[in-house]
Every structure is written in C-alpha cells, then in structure tokens.
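To start, the structure under review is shown below, and the notes come after it.
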Amino acid sequence: MTGVSARRRRGGLKFCPKCGSLMIPRVRNGRKELYCPKCGYTEPLEGESPYKIKVKIKHSPKERLVVVDKSQPPPDAVVVKGQVRCPKCGHDEVMVWMMQTRSADEPPTRFYRCLKCGYTWREYA
Ligand SMILES: [Zn+2]
Ligand SMILES: [Zn+2]
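Just so you know, we're using our numbering here: the sequence shown kicks off at 1 and counts up by one.
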C-alpha cells in the first residue's frame, strides 16, 4: 500500500491567511465569498462563478422597429376576400398586414394591398 495520501478536503474549508481562523462562506451582493469572523478578512469563493446574474435582453417582435416598405408585404400578410375593397379599382381581394410604424406603445397600423392593381393603403387602428 503506497501513495495513500491522507488528503482531507473538507468541502473547501479555508483558513484565514491573516489570523488563521476558519473562514465561513457567505453571500454578499449576490457573490459568494469566504469571510473571517475574527478579523473580517474576505476572499472571493473560488469555483463558483461570481457572475450568476445574467442580463437577458428579450427582443419581442413588438419592440422591433419596422421600416415600412410599402412595396413588400411581410410573409405573414393575409389575403382577405370580399371584406375590403380597393379604393382605386374596387377589387375585393386584398392583402392585409399589421405593422408597428411608430413607437411600441401605439397601436399598429393596418396595411392593405390590392391584389389586382397593387395599390397599397393604410388604416390607423
Ligand atoms: Zn482572519
Ligand atoms: Zn386595386
């Protein structure tokens, strides 16, 4: 039996380099650290990522600024038949889609496009 090391790893316990007291882990400002209750020495707790707070920025479709290009209806445009008439040629088959043209807290603008003549107009909700 050789090389049996009696290494005692007691859960990462550490002793204060200043006064030799047993340091205790604690959380301060969202970070884990080791704290010496005797002299007040602190040390960041290794092995744990101090950057636990991840800032997630969600980009919802509503927040996106949409550049209005009248010549290109979005893929989610719907063809409506018999409900809306083109003010130019009177055709009743139009494409409808909604677009956020101004700020996100304002209602989106509804766009129409005539399938016959291609005339595009908008309607504020
Ligand atoms: Zn200490
Ligand atoms: Zn038309």
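The beta carbon of each residue, even a glycine, is placed where N, CA and C say it ideally should be. Computed from a predicted model, the values in this text were never measured in an experiment.
C-alpha gap between residue i and residue j, whole angstroms
i: R26; j: K38; result: 14 Å
i: R31; j: A104; result: 36 Å
i: E33; j: K14; result: 11 Å
i: G23; j: M99; result: Here the sequence assigns Met to residue 23, which means Gly is not the residue at that position. The alpha-carbon atoms of M23 and M99 are separated by roughly 59 Å.
i: P107; j: V84; result: 20 Å
i: G20; j: L45; result: 17 Å
i: E48; j: Y35; result: With a pLDDT of 47 at E48, under the threshold of 50, the predicted position of this residue should be treated as unreliable, and no value is reported.
i: W97; j: G82; result: 16 Å
Proximity to residue i [Cα-Cα], best of the options
i: P126; options: K14, R113, A104; result: Outside the modelled stretch of the chain, which goes from 1 to 125, sits residue 126, for which no answer is possible.
i: R28; options: K14, K116, E43, T120; result: E43
i: K18; options: Y41, I24, L34, T101; result: Y41
i: G118; options: M95, K81, C36; result: M95
i: G90; options: G20, F111, K116; result: K116
i: D76; options: F111, C16, S21, C36; result: F111
i: Q72; options: Y35, T120, S21; result: T120
Bridge partners - residue i, DSSP secondary structure assignment
i: Y41; result: Partner(s): none; Y41 has no beta bridge.
i: M95; result: V79, R113
i: Y35; result: I24, T42
i: R122; result: F111
Check whether residue i and residue j have beta carbons under 9 Å apart
i: E93; j: V78; result: no
i: E123; j: T101; result: no
Proximity test, Cβ basis, 9 Å: residue i and chain B
i: R113; result: Considering every chain present, this structure includes no chain B. It has just one protein chain.
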